[in-house]
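J.:
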Amino acid sequence: MGIATINPATGETIQTFEPLSDAAIAQTIELSQHTYETYRTIPLAQRSQWLSAAADVLETNKDAYGRMMTVEMGKPIQAAIAEVEKSAWVCRYYAEHAEEFLAPATVETDASHSYVSYQPLGIVLAVMPWNFPFWQVFRFAAPALMVGNVGLLKHASNVPQSALAIAEVFEKAGFPKGAFQTLLVGADKVKQILTDDRVKAATLTGSEPAGASLASTAGSVIKKTVLELGGSDPFIVMESADLEAAVNMAATARMINNGQSCIAAKRFIVQDSIFDAFAQKLVAKYAALKVGDPLDPEVKIGPLATPTILQDLQPQVQACVDAGGKILIGGDVDALKQTLPSNLQAGNFYPPTIVAEIPLEAPIAQEELFGPVAMLFRVADVDEAIRVANHIPFGLGSCAWTREDAERDRFIRDLEAGCVFINSMVKSDPRLPFGGIKRSGYGRELGKEGIHEFVNIKTVWIQ
Ligand code: NAP
């Protein structure tokens, strides 16, 4: 795929970009390394000031950056602006807390003084996806820059304007030239960049194949990686739950970002006694969602980010039906098109869709559906709910709705996921670690744990 901004709502190509030449890639890495040699010694207080300034730049320009994201990848404009605000929040969070997280930790031994010191590693490569073009990058960059690392961003090929704008945010904030740079390159250049001796580590947020490819390259040259990959999060609703609250959240939890979020609730696992009522209410919620131009503030569901995502989703929904699933609403792209104005006919729109009664054994029941499609599963009790929830190769997020303490404790103990939210939808928060288990990846971002991923945990012993 070329590097280009193509409006997913209209199919219009807005701007194309030439990928960097090998010579330009080499120059960029050289500047990163040169900057790192002095940047690593700059006091935390100064880095913190720059990071706070980056938050200011984001907040001042949130409308323009939000619009840019919406035009590049189709998320509703209000959500795009909120994403810029959240990116500012993560900058402020680490600007305020990095000193505490990175403080040397004394450990009593027979030395006169022994302690743990947290030091930077050098250049860290960030390979990032298009679905949260700002947030994914800032949640990596804010802690990395506070540690004293420098960042190199290889963003998804369909969000080049966002990629360039992010590097500009750090420059405008006062960070030294080279502290954070964007490389406009395709995925085919990742191996070459990661095997460069000056690049010390990498983080990738994206699909399983991309993660596996990056991690095997990193493994061949013994470099640290963090992987944030896909998920098919369970949203469990028990008879004891507040049904209205659960349904209200269920609609949001699946449809966020036009259904293209790693931590979206993708499988709704509902106790038999309330299954029909839950399904009926969820159908009504989905029927009320306005689909259309994501720049219109009234629109809740915009287009999928690329034609490929649409092409991948359609056979997946068909596979649900072939396996015995029943479509309760949606599933018909042509019918949706008839409701859209002429300028949106070439957009990648998919209707809000619910499929119920898919057999658990069907291979499709274990896949991630990246779009506005909810799968509903009926279960008898807490044991079956946990069994169904864990019956996937992924382990990113999970949430469960219950007012019974015993059920709550079972979910907290037994759900195989990097997080469990009780009576709330899964969301990321700068204050809490975020990441997955199983094939959803490894390592953590955010919180205190996130800032310790790309550091040299140096043991110091003074006799
Ligand atoms: P993708 O194709 O894996 O792309 C993500 C990034 O990886 C892009 O920059 C892409 O570059 C690059 N890439 C692709 N193939 C690569 C390879 N073989 N080696 C190195 N880099 C490669 O991801 P996507 O399908 O667009 O994104 C959706 C996936 O990301 C979903 O599975 C979603 O759940 C997951 N995701 C996870 C999280 C999380 O925090 N766990 C957050 C968001 C998304 P090009 O664009 O140039 O191909």
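Letter by letter, the sequence shown follows residues 678 to 1140 in the numbering used here.
In this text, a Cβ means the ideal position worked out from N, Cα and C, and glycines have one as well.
Comparing alpha-carbon positions, which option in 863, 827, 689, 699 lies nearest residue 711?
T.: Looking at the Cα atoms, 827 is the closest of the given residues.
J.: Within this structure, are the beta carbons of residue 894 and residue 1120 separated by less than 9 Å?
T.: Not a contact, by the Cβ cut-off of 9 Å.
J.: Taking 9 Å as the cut-off, decide whether the C-beta atoms of residue 1065 and residue 1088 are in contact.
T.: It is not a contact, given that the beta carbons lie outside the stated cut-off.
J.: Which residue's Cα is closest to the Cα of residue 1083: 851, 1118, 1099, 1074?
T.: For residue 1083, the nearest C-alpha among the options comes from 1099.
J.: Could you check the C-alpha separation between residue 741 and residue 767 for me, to the nearest Å?
T.: Taking the straight line from one Cα to the other gives about 19 Å.
J.: Looking only at its chain, what residues have a beta carbon closer than 8 Å to the beta carbon of residue 702, apart from the 5 residues adjacent to it on each side?
T.: Within the same chain, residue 702 has close Cβ partners 860, 862, 866, 869, 870.
J.: Should residue 1076 be counted as a contact of the ligand NAP given a C-beta to heavy atom distance under 8 Å?
T.: Not under cutoff, so the answer is no.
J.: Under 8 Å, with one C-beta from each stretch per pair, do the segment 1098-1112 and the segment 939-953 reach the 3-pair mark?
T.: Judged by Cβ distances under 8 Å, the segment 1098-1112 makes contact with the segment 939-953, as three or more pairs qualify.
J.: Would you tell me roughly how many angstroms separate the C-alpha atoms of residue 1020 and residue 685, rounded to the nearest one?
T.: C-alpha separation (whole angstroms): 11 Å.
J.: Please determine, among 689, 793, 1127, 713, the residue with the shortest C-alpha to C-alpha distance to residue 829.
T.: Closest option to residue 829, Cα to Cα, is 713.
J.: Is the beta carbon of residue 980 closer than 9 Å to that of residue 754?
T.: No, the Cβ-Cβ distance between residue 754 and residue 980 is not below 9 Å.
J.: With three or more beta-carbon pairs closer than 8 Å as the criterion, would you say the segment 999-1019 touches the segment 1028-1038?
T.: The answer is yes - the segment 1028-1038 touches the segment 999-1019, with three or more Cβ pairs under 8 Å.
J.: How do the segment 1069-1083 and the segment 915-924 stand: do at least 3 beta-carbon pairs fall below 8 Å, yes or no?
T.: With a cut-off of 8 Å, the segment 915-924 and the segment 1069-1083 count as touching, because enough Cβ pairs lie within range.
J.: Go to residue 743, then tell me how far its beta strand (DSSP E) extends in each direction, as first and last residue.
T.: Careful: residue 743 lies outside any beta strand (DSSP E), inside the alpha helix (DSSP H) at 739-750.
J.: Just how far apart, CA to CA, sit residue 695 and residue 765?
T.: Near 30 Å, if we compare the C-alpha coordinates of residue 765 and residue 695.
J.: Does the segment 830-849 come close enough to the segment 784-804 to have 3 or more Cβ pairs within less than 8 Å?
T.: Enough Cβ pairs lie closer than 8 Å, so yes.
J.: With a cut-off of 8 Å on the beta carbons, I'd call residue 967 and residue 958 a contact; round off their distance for me.
T.: 18 Å between Cβ atoms; not a contact.
J.: Compute the Euclidean distance between the alpha carbons of residue 1133 and residue 1017, then round it to the nearest angstrom.
T.: Cα to Cα, the separation comes out at about 54 Å.
J.: What's the C-alpha gap between residue 900 and residue 775?
T.: Taking the straight line joining both Cα atoms gives about 24 Å.
J.: Can you give me the Cβ contacts of residue 1048 inside the same chain, cut-off strictly under 6 Å, excluding the 5 residues immediately before and after it?
T.: Here the set comprises 936, 981, 990, 1027.
J.: Should residue 805 be listed as close to the ligand NAP, given that the test is whether its C-beta is under 8 Å from any heavy atom?
T.: The answer is yes for residue 805.
J.: Report the residue ranges of all alpha helix (DSSP H) runs contained in full by the segment 1006-1045; include only those spanning at least 4 residues, in chain order.
T.: Listed in chain order, the complete alpha helix (DSSP H) runs (minimum 4 residues) inside the segment 1006-1045 are 1010-1014.
J.: Please confirm whether any heavy atom of the ligand NAP lies closer than 8 Å to the CB of residue 891.
T.: Yes, the beta carbon of residue 891 sits closer than 8 Å to at least one heavy atom of the ligand NAP.
J.: Mind checking which residues open and close the beta strand (DSSP E) that includes residue 649?
T.: A question about residue 649 goes unanswered here, because the residues of the chain that appear run from 678 up to 1140.
J.: Classify residue 728 as buried or exposed, calling it buried when 16 or more other Cβ atoms lie within 10 Å of its own Cβ.
T.: By the 10 Å Cβ count, residue 728 comes out buried.
J.: What's the gap between the Cα of residue 800 and the Cα of residue 704?
T.: The straight-line gap from Cα to Cα measures roughly 14 Å.
J.: Any heavy atom of the ligand NAP closer than 8 Å to the beta-carbon of residue 902?
T.: No - the ligand NAP has no heavy atom lying nearer than 8 Å to the Cβ of residue 902.
J.: Taking only runs that begin and end inside the segment 803-846, name each unbroken alpha helix (DSSP H) of 4 or more residues, in chain order.
T.: The segment 803-846 contains these whole alpha helix (DSSP H) runs: 812-824.
J.: Excluding the 5 residues flanking residue 745 on each side, which residues of the same chain have their C-beta closer than 7 Å to its C-beta?
T.: Around residue 745: 838, 839, 842.
J.: With 16 other CB atoms within 10 Å as the buried threshold, where does residue 931 fall?
T.: Classification for residue 931: buried.
J.: Please report the straight-line C-alpha distance between residue 952 and residue 1044, rounded to a whole angstrom.
T.: Cα to Cα, the separation comes out at about 22 Å.
J.: Taking buried to mean at least 16 other C-beta atoms within 10 Å of its own C-beta, is residue 1037 buried or exposed?
T.: That one is exposed.
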